[in-house]
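Protein chains in written order, with this note's numbering: chain F, 443 to 897; chain H, 443 to 897.
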């Protein structure tokens, strides 16, 4: 069977692109470092088209690589076995906002920023807040994306109520429910969340939304060293001060980022910083900030700055540019290891030593409130093979160490293509076997995003 | 192979009970209405013993019915195919409280009340609060138990970080992780939560805990009718007043319960009531109560009573005795259908009509904040066959209607044995097929809690 027959399924020549006519950007991910090859790129517009494409692919054993906005950082959207790229970005309609039951039903190609804007215009709130606002919600669900607000609000998984998916043989299945509680049979919904397109194509999504918090205030806390800062985190949380976000960053990369965006943090006397946000009613925020102030001042903080709107915007702009200030025009390998919170200082110390040992510049920062650390290895001018060999050794050691700390390879980006090798090394064989057997149920002919994560 | 050989595996005669020596209470569930039969009852004390028993059962194709405290209301703990009752109630040690990372590791037989007491003594809090405090946490996880505080805090699933399980062939698998975030491969953990013992035996549990709220205040709100009360719920939630619990009850059963416990609600001018709790800091509670007062007074509430400690205790005692005041010495069929919140009034109206049509007394009350409705059909003096036939018709209609409302058969009790028929009727064939195929991966020889839920 020929890929050109796809034109009989989707009778719109602008939506079926064959072979060499596929633009390069569809063959890669958000890093644009590695490129795959594919036989066809198909833009679908509804569930029926997805069913027809998947049936055709399944009958003809054609690999299918699903794709949202292509912003992922793990190669999950790179076609490695040729076949069909199934682009869902045109399925981007908001279908229904149910204000009585506080949920919203959308298509998978809706962008995070568009969803956030839409619900906020209705005085509602979609709490998950991954850094990449131009990512699709289908992609966010596929990687169980996290983001800044996870400390208070949880991650994408916690907001997915119901999913319509098309499995590997073209069967439409609805998993989860629109109800708030569910103790009715096996939880198929959470199997799909975080499955990175290996079990089915997400075609419809119902998400939980909550009322929009009245206000939001950030505070910046400098410390002599990161360890003193991290030691405060469980104390802050146990003080019941309910922070929305707790980020950490060290001075060396802060200075770089300050120059890059031409802004300054409102205090510069720390070697390490915690940047927190509190949201809710104004009284509640004040009370929570006071509790936090007391905790950190009694536990080694050098200062405590409640930020005004402009200062908060500057601090978060600096925080947001930490990686790009160093990685701009410079190849990087970004990873997002997650460890128990109290292991953050030991893990970053190990990361530093490891970088030195292998002669690679490493930077790190991240979500201190949930142990999710963003490490980037920076290439600078290293020769290509040397770079590949050294980063391979470095990553092996980092993943091994995080595993010793009861950590995991990915807290929010997913495994995709680039972490598969390391994920399989630190994951027990029996767990991988269960995952592969489950894939075999949803995708018997092994066509969906193969060569990724565990398969 | 003989069941007596179990005595070679567990060399303690008090922990292996054979055939007719098994006490009757181990052959039933919390309702003690239906009884099964079994060949052996084994009390296990550690994971190794579970592995050895499961391997023996698997090799000899002996059915295994796992059991915690036996408090379930769905027959999930009733052995229907003879075989081995695997009692985990003696695996009841608290293993480790990690105060830095706010999690606790326990054995599955720890009782809910013991866990709650233990963490509260450390100024921490385990939010899920199912009504039956003498249930085991292993059981709570197996049914994804809910309870009163789900509106603010979620259900059992939301607090399970990591599980050690023994699957149907005796393999030990650790699923989930001690980290807060996890985007590393398929989510096997949530497949186990709510699986009612059909996929594996839970042998070790790590739960998330949170800081203990400083205070808790309840309010009672009478309405002319239930519909007016339910119409307030989304408005209360959208006012950002963050209630912990929102329960509803109607006057006819309240009066019964008041007589039964010899207490009175502090106001009695309603035909229907909402009973709410708020927790947190005192200022925060006051602010939230004020917001709620404004919402409900503007939307048809007849009164608004902030309860003092004694009044709150009385109101919750009356709420807690709603079912038992009528069901004491009277057979009942309890169900826990869940519907979208705005469908509660229509669903209870239908329940009333249906009860009348079939000549069966029905009572209902429940968790208004999450749409989880407890309905009990009461037998009174009805003849046995008549009762069975009529309740069967009644239940068929209730489950069908809840399905039309996008509801589900169970919000927190699980499906077990008694709801299996109805669950299978309202669940799509493809979903049941996926569940059965997944069971086949975890339990190839089909020995674990067979004849329950979907299998």
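For glycine and all other residues, C-beta sits at the position ideal for the given N, C-alpha and C.
Top-ranked residue by Cα proximity to residue i, from the options
i, options, result
"residue 466 of chain H", "H/560, H/769, H/520", "H/520"
"residue 749 of chain F", "F/659, F/724, F/823", "F/659"
"residue 735 of chain H", "H/762, H/679, H/695, H/789", "H/679"
"residue 532 of chain H", "H/456, H/850, H/853, H/774", "H/456"
"residue 584 of chain F", "F/561, F/627, F/631", "F/631"
"residue 567 of chain F", "F/598, F/450, F/639, F/663", "F/598"
"residue 643 of chain H", "H/509, H/713, H/728", "H/509"
"residue 808 of chain F", "F/469, F/789, F/892, F/745", "F/789"
"residue 836 of chain F", "F/847, F/852, F/864", "F/864"
"residue 728 of chain F", "F/873, F/747, F/712", "F/747"
"residue 627 of chain H", "F/637, F/627, F/621", "F/637"
"residue 898 of chain F", "F/834, F/860, F/881", "An answer regarding residue 898 of chain F cannot be provided, because it is not within the stretch 443 to 897 covered by chain F."
"residue 757 of chain H", "H/522, H/716, H/551", "H/716"
"residue 633 of chain H", "H/464, H/883, H/887", "H/883"
"residue 894 of chain H", "H/731, H/696, H/514", "H/514"
"residue 580 of chain H", "H/482, H/639, H/859, H/494", "H/639"
"residue 695 of chain F", "F/766, F/670, F/641, F/847", "F/766"
"residue 742 of chain F", "F/562, F/794, F/670, F/784", "F/670"
Outcome for residue i when other beta-carbon atoms lying within 10 angstroms are tallied against a minimum of 16
i, result
"residue 474 of chain H", "exposed"
"residue 576 of chain H", "exposed"
"residue 445 of chain F", "buried"
"residue 525 of chain F", "buried"
"residue 557 of chain H", "buried"
"residue 831 of chain H", "exposed"
"residue 417 of chain F", "A question about residue 417 of chain F goes unanswered here, because the residues of chain F that appear run from 443 up to 897."
"residue 477 of chain F", "exposed"
"residue 606 of chain H", "buried"
"residue 683 of chain F", "buried"
"residue 503 of chain H", "exposed"
"residue 755 of chain F", "exposed"
"residue 499 of chain F", "buried"
"residue 419 of chain H", "Nothing about residue 419 of chain H can be read from this structure; chain H reaches only from 443 to 897."
"residue 657 of chain H", "exposed"
"residue 461 of chain F", "exposed"
"residue 700 of chain F", "buried"
"residue 662 of chain F", "buried"
"residue 862 of chain F", "buried"
Bridge partners - residue i, DSSP secondary structure assignment
i, result
"residue 665 of chain F", "F/714, F/743"
"residue 625 of chain H", "Answer is none; residue 625 of chain H lacks a bridge partner."
"residue 806 of chain F", "F/817"
"residue 691 of chain H", "H/715"
"residue 720 of chain F", "F/659"
For residue j and residue i, believed in contact at Cβ under 8 Å, the rounded distance
i, j, result
"residue 760 of chain H", "residue 705 of chain H", "6 Å"
"residue 856 of chain F", "residue 625 of chain H", "5 Å"
"residue 805 of chain F", "residue 823 of chain F", "With a Cβ gap of about 17 Å, residue 805 of chain F and residue 823 of chain F do not count as contacting."
"residue 693 of chain H", "residue 714 of chain H", "7 Å"
"residue 708 of chain H", "residue 753 of chain H", "5 Å"
"residue 578 of chain F", "residue 553 of chain F", "6 Å"
"residue 471 of chain H", "residue 512 of chain H", "6 Å"
"residue 866 of chain H", "residue 896 of chain H", "7 Å"
"residue 487 of chain H", "residue 505 of chain H", "With 8 Å as the limit, residue 487 of chain H and residue 505 of chain H do not qualify as a contact, their Cβ atoms being about 22 Å apart."
8 Å Cβ cutoff met for residue i and residue j
i, j, result
"residue 544 of chain F", "residue 617 of chain F", "no"
"residue 484 of chain H", "residue 529 of chain H", "yes"
"residue 812 of chain H", "residue 593 of chain H", "yes"
"residue 572 of chain F", "residue 587 of chain F", "yes"
"residue 645 of chain H", "residue 603 of chain H", "no"
"residue 722 of chain H", "residue 655 of chain H", "yes"
"residue 889 of chain F", "residue 610 of chain F", "yes"
"residue 737 of chain H", "residue 796 of chain H", "no"
"residue 685 of chain F", "residue 720 of chain F", "yes"
"residue 853 of chain H", "residue 623 of chain F", "yes"
"residue 744 of chain F", "residue 666 of chain F", "yes"
"residue 763 of chain F", "residue 702 of chain F", "yes"
"residue 725 of chain F", "residue 725 of chain H", "yes"
"residue 621 of chain F", "residue 781 of chain H", "yes"
Q.
Output needed in chain order: residues of the segment 615-626 of chain F with a Cβ under 8 Å from some Cβ in chain A.
A. Considering every chain present, this structure includes no chain A. Its protein chains are F and H.
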